[in-house]
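To keep things clear, I will list the structure first and then write my remarks on it.
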Amino acid sequence: MATIHGIDATAAELNALAMTGYGHFTSMHVEDGAVRGFDLHLERLVSNAKTVFDADLDRDGLVADIRAAIAGSSGSYTLRVTMYDPAINLGNIGTVAAHPVPLITSRPSGGGSLPPLRAKTIAFQRDTPEVKHVGLFSTLHHRVTSKKAGFDDVLFTDPINTNISEGSTWNIGFITADRHVIWPDAPVLPGVTMALLQAAGAHDLRSVPLDELGEIPAAFATNASIGVRPISAIDNHSFDPDHPVIAELQRAYAAIPAQRI
Numbered sequence: 001m002a003t004i005h006g007i008d009a010t011a012a013e014l015n016a017l018a019m020t021g022y023g024h025f026t027s028m029h030v031e032d033g034a035v036r037g038f039d040l041h042l043e044r045l046v047s048n049a050k051t052v053f054d055a056d057l058d059r060d061g062l063v064a065d066i067r068a069a070i071a072g073s074s075g076s077y078t079l080r081v082t083m084y085d086p087a088i089n090l091g092n093i094g095t096v097a098a099h100p101v102p103l104i105t106s107r108p109s110g111g112g113s114l115p116p117l118r119a120k121t122i123a124f125q126r127d128t129p130e131v132k133h134v135g136l137f138s139t140l141h142h143r144v145t146s147k148k149a150g151f152d153d154v155l156f157t158d159p160i161n162t163n164i165s166e167g168s169t170w171n172i173g174f175i176t177a178d179r180h181v182i183w184p185d186a187p188v189l190p191g192v193t194m195a196l197l198q199a200a201g202a203h204d205l206r207s208v209p210l211d212e213l214g215e216i217p218a219a220f221a222t223n224a225s226i227g228v229r230p231i232s233a234i235d236n237h238s239f240d241p242d243h244p245v246i247a248e249l250q251r252a253y254a255a256i257p258a259q260r261i
């Protein structure tokens with residue numbers, strides 16, 4: 001499925017996204033027509049459209065487009081809404097008023113639970129980290145490099161102070177020796193799953209230096225597709241993937257009511 005306003009997208013319409021690659025998106029896990037944090041996904045699209053395109057999205061129209069795209073579907077899958085302007089190209093970008101449209105696509109959700117994640121740290125900060133934009137080359141290149149080194153994914157650290165920030169497409173949280181949940185206070189994408197968990201419990205936000213990892217017993221990754229996934233290793237540091245607080249977070253996330261689209 002690849003639709004714009006309920007109609008199958010044409011090759012000509014997709015050309016701007018393929019050749020210019022300027023836009024932003026959100027991905028959500030749909031279960032029988034409902035999404036946890038659906039309002040937060042909408043808020044992300046609206047706020048990012050203002051940042052990227054200086055455009056005000058029609059929120060009601062956006063919801064109608066999403067409903068039309070998933071009409072008749074069932075089960076669980078990942079839905080992505082990408083905002084871009086088919087009329088923008090390398091020559092006119094920044095000189096014409098943008099009119100972003102929603103390209104709505106879907107893909108199957110991964111079946112079953114995922115094994116604990118092993119991440120390799122790399123000193124890097126994404127461009128405009130607060131926006132979920134389509135500029136993924138550097139992020140994916142670092143993921144490839146990490147996989148070639150024997151890890152599952154990459155974890156970014158600040159190039160200047162080495163504080164931990166975020167994973168390639170996920171947020172990271174830590175559990176301290178006294179069972180407190182902490183999130184890195186760093187330039188990161190404000191993930192929907194992270195926001196839902198923060199609203200559901202008493203969590204702390206503070207800097208997490210790389211050299212502090214040896215004092216931390218457990219860590220986990222979050223995003224809309226994976227929920228809460230244990231982390232078993234970061235570089236040469238091992239963590240407890242069966243820590244009871246991780247199980248508590250997974251139960252808390254599962255208990256959050258999904259919103260009907």
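Its first residue numbered 1, the sequence shown is counted upward by one per residue in the numbering used here.
Heads up, the beta-carbon is just placed ideally off N, CA and C, and yes, glycines get one too.
Since the structure is predicted, the reported quantities are computational estimates derived from the model, not experimental observations.
Tell me, to the nearest whole angstrom, how far the beta carbon of residue i is from that of residue j; I am working on the premise that it is less than 8 Å.
i	j	result
P209	N163	6 Å
R206	D178	About 14 Å; that fails the 8 Å criterion.
S175	H237	Just to set this straight, residue 175 is Ile in the shown sequence, not Ser. The Cβ separation is near 14 Å, so there is no contact.
Y22	I66	Actually they are not in contact, since the Cβ atoms of Y22 and I66 sit about 22 Å apart, beyond 8 Å.
Alpha carbon to alpha carbon, how far is residue j from residue i? Give it in angstroms, no decimals.
i	j	result
P230	T105	28 Å
R251	L90	47 Å
D204	R118	24 Å
A97	A195	32 Å
A123	S73	41 Å
I216	V245	13 Å
I256	T95	44 Å
S138	D58	31 Å
May I ask whether a heavy atom of the ligand MN can be found less than 6 Å away from the beta carbon of residue i?
i	result
T10	As for the ligand MN, it is missing from this structure, which has no ligand bound.
Is residue i near residue j, with beta carbons less than 7 Å apart?
i	j	result
H41	V192	yes
F25	R80	yes
F220	G167	no
V101	I4	yes
A11	A2	no
K120	F156	no
F239	A254	no
S225	V188	no
Counting only beta-carbon atoms, is residue i nearer than 7 Å to chain C?
i	result
F124	No chain C appears in this structure, which consists of one protein chain only.
Query raised in the report: If you scan the segment 125-208 from start to end, which runs of the beta strand (DSSP E) of 3 or more residues do you find wholly inside it?
Result: 153-157, 164-167, 171-175, 181-184 and 204-206
Query - Cβ pair count under 8 Å reaching 3, the segment 193-200 against the segment 70-87 - result: no
Query raised in the report: With a cut-off of 8 Å, do at least 3 Cβ pairs link the segment 37-54 to the segment 131-143?
Result: yes
Requested in this report: Could you name each continuous alpha helix (DSSP H) segment of 4 residues or more that falls completely within the segment 9-53, going from the start of the chain to the end?
Outcome: 11-19 and 38-53
Query raised in the report: Would the segment 133-151 and the segment 254-261 be scored as touching if the rule is three or more Cβ pairs under 8 Å?
Result: In this structure the segment 133-151 does not lie against the segment 254-261, because fewer than three pairs of beta carbons, one per stretch, are closer than 8 Å.
Query raised in the report: Should the segment 220-235 be regarded as contacting the segment 109-127, the criterion being three or more beta carbon pairs within less than 8 Å?
Result: Judged by Cβ distances under 8 Å, the segment 220-235 makes contact with the segment 109-127, as three or more pairs qualify.
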